[in-house]
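Student: Once you've had a glance at the structure underneath, I'll fire off some questions.
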Amino acid sequence: MVKAFADTKSKAQGVMKRISKDNAVEMGRALAKLTHSSPGVVFKVALELMMSYGNLSDVFAECVRFFTDLTKDVMIWSLLSALGSNQRSRTQASYILSISPWL
Numbered sequence: 001m002v003k004a005f006a007d008t009k010s011k012a013q014g015v016m017k018r019i020s021k022d023n024a025v026e027m028g029r030a031l032a033k034l035t036h037s038s039p040g041v042v043f044k045v046a047l048e049l050m051m052s053y054g055n056l057s058d059v060f061a062e063c064v065r066f067f068t069d070l071t072k073d074v075m076i077w078s079l080l081s082a083l084g085s086n087q088r089s090r091t092q093a094s095y096i097l098s099i100s101p102w103l
């Protein structure tokens, strides 16, 4: 089980590193295939990268249309868990009243 999760995590990282506006459809389908086996692992990787790179959130939103209903439920749970944790700031460091780009 651990090996399967590690394999899914590495594949998700590979897909998320190659994603762009030009290939959002292909990468969205690839992410959808990965989420069938373990959506929690894929969304953990995706949220970590979206928190680091703010411009990924728009492209990832385009990929969501290929996800199943169960996958979307897991995505919402992962997003709420990330919002509830204190690991990442929700405001920009330069100006306290503006929200971070990853939101």
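Position 83, counted from 1, in the sequence shown is what the UniProt record's numbering calls 83; the numbers after and before it change by one each time, with no gaps. Idealized CB from N, CA, C, for every residue including glycine. All figures in this text were calculated on a predicted structure; none of them were measured in a lab.
#1: Looking only at its chain, what residues have a beta carbon closer than 8 Å to the beta carbon of Leu34, apart from the 5 residues adjacent to it on each side?
#2: Would you report the Cα separation of Val74 and Val64, rounded to the nearest angstrom?
#3: Specify, as a first and last residue, the run of the alpha helix (DSSP H) that Gly14 falls within.
#4: Can you give the Cα-Cα distance for Lys17 and Ser78, rounded to whole angstroms?
#5: By DSSP, does Lys21 sit in helix, in strand, or in coil?
#6: How about Ala32 and Phe60: do their beta carbons lie closer than 9 Å?
#7: Sorted by chain position, which residues of the same chain lie with C-beta nearer than 8 Å to Arg29's C-beta, five sequence neighbours on each side aside?
#8: Using alpha carbons as the reference points, say which of Glu26, Lys44, Met27 lies closest to Ala82.
#9: Would you call Met1 buried or exposed, if buried means 16 or more other Cβ atoms sit within 10 Å of its Cβ?
#10: Report, in whole angstroms, the separation of the C-beta atoms of Glu48 and Ala24, which I expect to be a contact under 8 Å.
#11: So, Lys21 versus Asp69, is the Cβ gap smaller than 9 Å?
Tutor: With the given structure in hand:
#1: These residues qualify, in order along the chain: Thr8, Lys11, Ala12, Val15, Val42.
#2: Their backbone Cα atoms lie some 12 Å apart in a straight line.
#3: Per DSSP, Gly14 belongs to the alpha helix (DSSP H) from 2-18.
#4: Looking at the two C-alpha atoms, the distance is approximately 20 Å.
#5: It is coil, neither helix nor strand.
#6: Going by C-beta atoms, Ala32 is not nearer than 9 Å to Phe60.
#7: Excluding residues within five positions, the ones whose Cβ falls inside 8 Å are Phe66.
#8: Looking only at Glu26, Lys44, Met27, the smallest Cα-Cα distance to Ala82 is reached by Lys44.
#9: Counting C-beta atoms within 10 angstroms of its own C-beta, Met1 has fewer than 16 neighbours from the protein chains shown and is therefore classed as exposed.
#10: About 19 Å separates the two Cβ atoms, so there is no contact after all.
#11: Remark: C-beta atoms of Lys21 and Asp69 do not approach each other more closely than 9 Å.
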